[in-house]
Amino acid sequence: MAVTPQTVEQLVNAGEPRAGWIAAVAKFVRQRPLGAIGAAIIVVMAVMAVGANVIAPQDPLATDYGAMLSAPGPGHWLGTDAFGRDVLSRMIYGSRTALMVGLGASLIGATFGSLIGVASAYFGGRVDLIVQRVMDVFFAFPVIILALAVVAILGTGVGNVILAIAAPMVPRCARVVRSSALSVREMPYVDAARASGFGHPRIILRHMLPNVMAPILIMATAFLGEAILLEASLSFLGLGVTEPTAAWGLMLRGAAVEFAETAPWMAFFPGLAISLAVFGFNLFGDSLRDALDPRLRTQ
Amino acid sequence: MAFYIFKRLLAIIPTLLGVAVLIFLLLRVVPGDVVEARYMSQGSQFQSQDLMDIERKKLGLDQPMWKQFTTWMAGLARLDFGLSMWTGSPITEEIKLRFALSLQLAIMASSTAVLLAIPLGILAAIKQDTWIDYAVRVFSIAGLAMPSFWLGILMILGMLIFFKWLPPMVFTPLWVNPWENLAQLIWPALAVGYRYSAVGTRMMRSTMLEVLREDYIRTARAKGLWLKLILSRHALKNAILPVLTVMSLEFAFLIGGLVVTEQVFNLNGLGMLFVEGISRRDYTLVQALVMLVATVFLFVNFLVDIAYAWLDPRIRYR
Numbered sequence: 000m001a002v003t004p005q006t007v008e009q010l011v012n013a014g015e016p017r018a019g020w021i022a023a024v025a026k027f028v029r030q031r032p033l034g035a036i037g038a039a040i041i042v043v044m045a046v047m048a049v050g051a052n053v054i055a056p057q058d059p060l061a062t063d064y065g066a067m068l069s070a071p072g073p074g075h076w077l078g079t080d081a082f083g084r085d086v087l088s089r090m091i092y093g094s095r096t097a098l099m100v101g102l103g104a105s106l107i108g109a110t111f112g113s114l115i116g117v118a119s120a121y122f123g124g125r126v127d128l129i130v131q132r133v134m135d136v137f138f139a140f141p142v143i144i145l146a147l148a149v150v151a152i153l154g155t156g157v158g159n160v161i162l163a164i165a166a167p168m169v170p171r172c173a174r175v176v177r178s179s180a181l182s183v184r185e186m187p188y189v190d191a192a193r194a195s196g197f198g199h200p201r202i203i204l205r206h207m208l209p210n211v212m213a214p215i216l217i218m219a220t221a222f223l224g225e226a227i228l229l230e231a232s233l234s235f236l237g238l239g240v241t242e243p244t245a246a247w248g249l250m251l252r253g254a255a256v257e258f259a260e261t262a263p264w265m266a267f268f269p270g271l272a273i274s275l276a277v278f279g280f281n282l283f284g285d286s287l288r289d290a291l292d293p294r295l296r297t298q
Numbered sequence: 000m001a002f003y004i005f006k007r008l009l010a011i012i013p014t015l016l017g018v019a020v021l022i023f024l025l026l027r028v029v030p031g032d033v034v035e036a037r038y039m040s041q042g043s044q045f046q047s048q049d050l051m052d053i054e055r056k057k058l059g060l061d062q063p064m065w066k067q068f069t070t071w072m073a074g075l076a077r078l079d080f081g082l083s084m085w086t087g088s089p090i091t092e093e094i095k096l097r098f099a100l101s102l103q104l105a106i107m108a109s110s111t112a113v114l115l116a117i118p119l120g121i122l123a124a125i126k127q128d129t130w131i132d133y134a135v136r137v138f139s140i141a142g143l144a145m146p147s148f149w150l151g152i153l154m155i156l157g158m159l160i161f162f163k164w165l166p167p168m169v170f171t172p173l174w175v176n177p178w179e180n181l182a183q184l185i186w187p188a189l190a191v192g193y194r195y196s197a198v199g200t201r202m203m204r205s206t207m208l209e210v211l212r213e214d215y216i217r218t219a220r221a222k223g224l225w226l227k228l229i230l231s232r233h234a235l236k237n238a239i240l241p242v243l244t245v246m247s248l249e250f251a252f253l254i255g256g257l258v259v260t261e262q263v264f265n266l267n268g269l270g271m272l273f274v275e276g277i278s279r280r281d282y283t284l285v286q287a288l289v290m291l292v293a294t295v296f297l298f299v300n301f302l303v304d305i306a307y308a309w310l311d312p313r314i315r316y317r
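The listed protein sequences correspond, in order, to chains A and B.
Letter 21 of the first sequence, counting from 1, is numbered 20 in numbering that gives the first Met the number 0, and no numbers are missing.
Letter 44 of the second sequence, counting from 1, is numbered 43 in numbering that gives the first Met the number 0, and no numbers are missing.
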């Protein structure tokens, strides 16, 4: 019998009958309760982001000057802000902004970072040396300062903020991926691919990249939380997403601090949303790392 | 060892040069310059071209880029940061007091972080997979998740409600009134320190778990050594190094990277100065700030490397 990947899989799974996805979820919840909590938070956030226009009780941009700074109550469950806009609705729409910036930035950052990292490890020698020295330069900048510089060049707005957050992530991802790719480069199948006369791009993309997917995935999840936090920081400074777009960091800016004593709900709830979202992604990312990295498994 | 130190110190120079080139170019790509920014702030954006050109000439902005760069480099080589393009006063003067503030805040925040991280990390490692471990992990992940500026807002709100206290508008240096100074900085230090302790706690837990599985720990246990002694003498010494590394590298970024926290607590530190400098297109000031933060970072990095080489002779000869 020829041994194909499929038969190996059958042999491996022969011991236990293939469980349905409900059983798989139950197993995940049992084994990694913290990761399951994280996943649940992410699912809630994603549902809010996708269905914002159905779920949000009010228009997040509609101002009601008759009900400015009104406390949480039946009309506005989480109160209103200085323009009389519904805090709950703005929070629900804010998850859309946060998720968009988080996904966009970590996708772009991880893609470019891992390509640079794998290529650097693959070519080695002088290329590797130069790439590493350039990365060293980027490492000497605090993340927020690099992001602020990019915003200064490109201007504010969702798209530019995504790029500003992705920029500092590229070197960080490149470094981690490079170290994994260095060991992959020594694998016989890479030699085999080279001996078969495949071009560099093909070897990098088809042979090496898939084998460093685990660290990339771990990095990308960790980035997601960090990106959401960074977006909130930039928007809080007034250098990120701009009014009137609903964004959590933006909701904490200006009036939220000014009226913190009389209208604490304005400062409290959006911050809670940021914390919960980042908390969810970190919990999930942690469990993902534990699951994918056999060295960290508890014995 | 002396040769190793020299080699590592020399390696800082090309990186610093790279930082200088990068920030120099980045700033020139930012649209507008200090002359335009100043007229904009005065509400008169339409100045005659001649007047603006005269101003640019005074600041040396009419020179070709390579000339501007070499002039700046020549100044840096003599440790002369030059004059701020916006205020016209020496940058060293502009930075001095703010650097003292940022440094003190960074030291206080790092101390908070270390004091939280090490005991919590050890506790979580010893009690792995119990509710204590879970509680510590949730506490530290929550610290990573909460934006320190939000934590700051909540702290100020709490103080306002319970003690009628507001962050003062003016910063009191340590040497003027130590008590007032500490009362002012303790809250931002706690907000930032809690967040940075999270990284340390997680690191401490995982290195401790690794070390606890080593053979020499088992030997120590088999000899019947007291558990406290094993932890303090055998395990901690080996587990703590990576934690201190991570935390000291973070320390360098605390000096220039607390832009948002400074904003919340009304502190005029280096982070705020950086944001002001960028919005005013004050090239010389922003360049000086970035070089300062990068130098501190690279120097801390260098010290960590030296400490490692000193502790582990194998590194020196690689």
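We put the CB at the ideal spot given by N, CA and C, even for glycine.
So residue i packs on residue j, CB below 8 Å; how close in whole Å?
| i | j | result |
| --- | --- | --- |
| R194(B) | G142(B) | 5 Å |
| Q318(B) | I22(B) | In the structure displayed, chain B extends from 0 to 317; residue 318(B) sits before or after that span and is not available. |
| L236(A) | V242(B) | In fact, because the Cβ distance is near 31 Å, the residues do not count as touching under 8 Å. |
| A245(A) | G78(A) | Actually they are not in contact, since the Cβ atoms of A245(A) and G78(A) sit about 15 Å apart, beyond 8 Å. |
| I217(A) | L275(A) | Rounded, the Cβ-Cβ distance is 21 Å, inconsistent with contact. |
| S231(B) | L115(B) | That belief does not hold up - the Cβ atoms of S231(B) and L115(B) are roughly 18 Å apart, past 8 Å. |
| G224(A) | L233(A) | Actually they do not touch by this definition, with Cβ atoms about 15 Å apart. |
| A104(A) | C172(A) | With a Cβ gap of about 11 Å, A104(A) and C172(A) do not count as contacting. |
| E230(A) | L159(B) | Actually they are not in contact, since the Cβ atoms of E230(A) and L159(B) sit about 28 Å apart, beyond 8 Å. |
On a CA-only basis, which of the options is nearest residue i? Give me that one, please.
| i | options | result |
| --- | --- | --- |
| G268(B) | R280(B), L253(B), D281(B) and Y282(B) | L253(B) |
| S147(B) | L9(B), A108(B), D214(B) and L235(B) | A108(B) |
| S94(A) | A191(A), A213(A), G270(A) and A192(A) | G270(A) |
| W85(B) | W65(B), L58(B), G74(B) and T111(B) | L58(B) |
| M64(B) | Y282(B), L78(B), Y38(B) and S247(B) | Y282(B) |
| T244(B) | V191(B), E209(B), I305(B) and W225(B) | I305(B) |
| S178(A) | S119(A), V133(A) and A231(A) | S119(A) |
| G158(A) | I115(A), T241(A) and A25(A) | T241(A) |
| P209(A) | G19(A), Y188(A), D63(A) and W20(A) | Y188(A) |
| I94(B) | L302(B), Y307(B), L288(B) and T294(B) | L288(B) |
| W71(B) | L173(B), A182(B), L150(B) and V20(B) | V20(B) |
Would residue i and residue j qualify as a contact pair, given that the criterion is a beta-carbon distance under 8 Å?
| i | j | result |
| --- | --- | --- |
| Q131(A) | D85(A) | no |
| M250(A) | F258(A) | no |
| P187(B) | L104(B) | yes |
| I164(A) | A226(A) | yes |
| V274(B) | L147(A) | yes |
| I54(A) | G256(B) | no |
| M271(B) | A234(B) | no |
| Y92(A) | A51(A) | yes |
| F283(A) | A38(A) | yes |
| G199(B) | G120(B) | yes |
| V169(A) | F82(A) | no |
| T129(B) | A190(B) | no |
| L212(B) | V33(B) | For the sequence presented, residue 212(B) should be read as Arg rather than Leu. Result no, Cβ atoms of R212(B) and V33(B) do not sit closer than 8 Å. |
| S83(B) | L266(B) | no |
| V299(B) | L248(B) | yes |
Given that residue i touches chain A, what residues does it touch there, using C-beta distances under 8 Å?
| i | result |
| --- | --- |
| T206(B) | Within 8 Å Cβ-Cβ: nothing; T206(B) doesn't reach chain A, min ~12 Å. |
| R220(B) | Result: empty, since nearest Cβ-Cβ is about 16 Å, beyond 8 Å. |
| R232(B) | Near R232(B) there are no residues of chain A at all, since even the closest Cβ is about 24 Å away, more than 8 Å. |
Mind pulling the chain B residues with CB within less than 7 Å of residue i?
| i | result |
| --- | --- |
| N281(A) | I140, L143 and A144 |
| I273(A) | P146 and W149 |
| V136(A) | T14, G17, V18 and L21 |
| F278(A) | I140, A141 and A144 |
Since residue i meets chain B, which of its residues come closer than 8 Å, beta carbon to beta carbon?
| i | result |
| --- | --- |
| L147(A) | V258, F273, V274 and I277 |
| F111(A) | Neighbours of F111(A) on chain B: none; closest Cβ ~17 Å, over 8 Å. |
| R132(A) | P13, T14 and G17 |
Would you mind telling me which residues of chain A sit closer than 9 Å to residue i, beta carbon to beta carbon, in chain order?
| i | result |
| --- | --- |
| V292(B) | A139, F140, P141 and I144 |
| R77(B) | Those within 9 Å of R77(B) in chain A number zero; the least Cβ separation is about 22 Å. |
| Q262(B) | F235 and L236 |
Going along chain A in order, which residues have a C-beta closer than 7 Å to the C-beta of residue i?
| i | result |
| --- | --- |
| V28(B) | I152 |
How would you list, in chain order, the residues of chain B whose beta-carbon sits under 9 Å from the beta-carbon of residue i?
| i | result |
| --- | --- |
| L102(A) | Chain B residues near L102(A): none, gap ~18 Å exceeds 9 Å. |
| G270(A) | M145, P146, F148, W149, L150, I152 and L153 |
| L33(A) | Y133, R136, V137 and I140 |
Legend entry - Contacting positions in the region 218-236 of chain A - beta carbon closer than 8 Å to chain B: G224, L228, A231, S232, F235 and L236
Legend entry - the region 244-265 of chain A: positions lying closer than 7 Å to chain B by Cβ: L251, V256, A259, E260 and P263
Inset, instruction - Identify each residue in the region 236-259 of chain B for which the Cβ-Cβ distance to at least one residue of chain A is less than 8 Å, and report them in chain order. - result: F252, G255, G256, V258 and V259
Inset, instruction - Could you list the residues in the region 6-32 of chain B with a C-beta less than 7 Å from some C-beta on chain A, going in chain order? - result: P13, T14, G17, V18, L21, L25, V28 and V29
Inset, instruction - Using a Cβ-Cβ cut-off of less than 9 Å, give me the residues of the region 151-174 of chain B that come near chain A, in sequence order. - result: I152, L153, I155, L156, L159 and I160
Legend entry - Near-chain A residues of the region 294-308 of chain B - C-beta to any C-beta below 8 Å: F296 and L297
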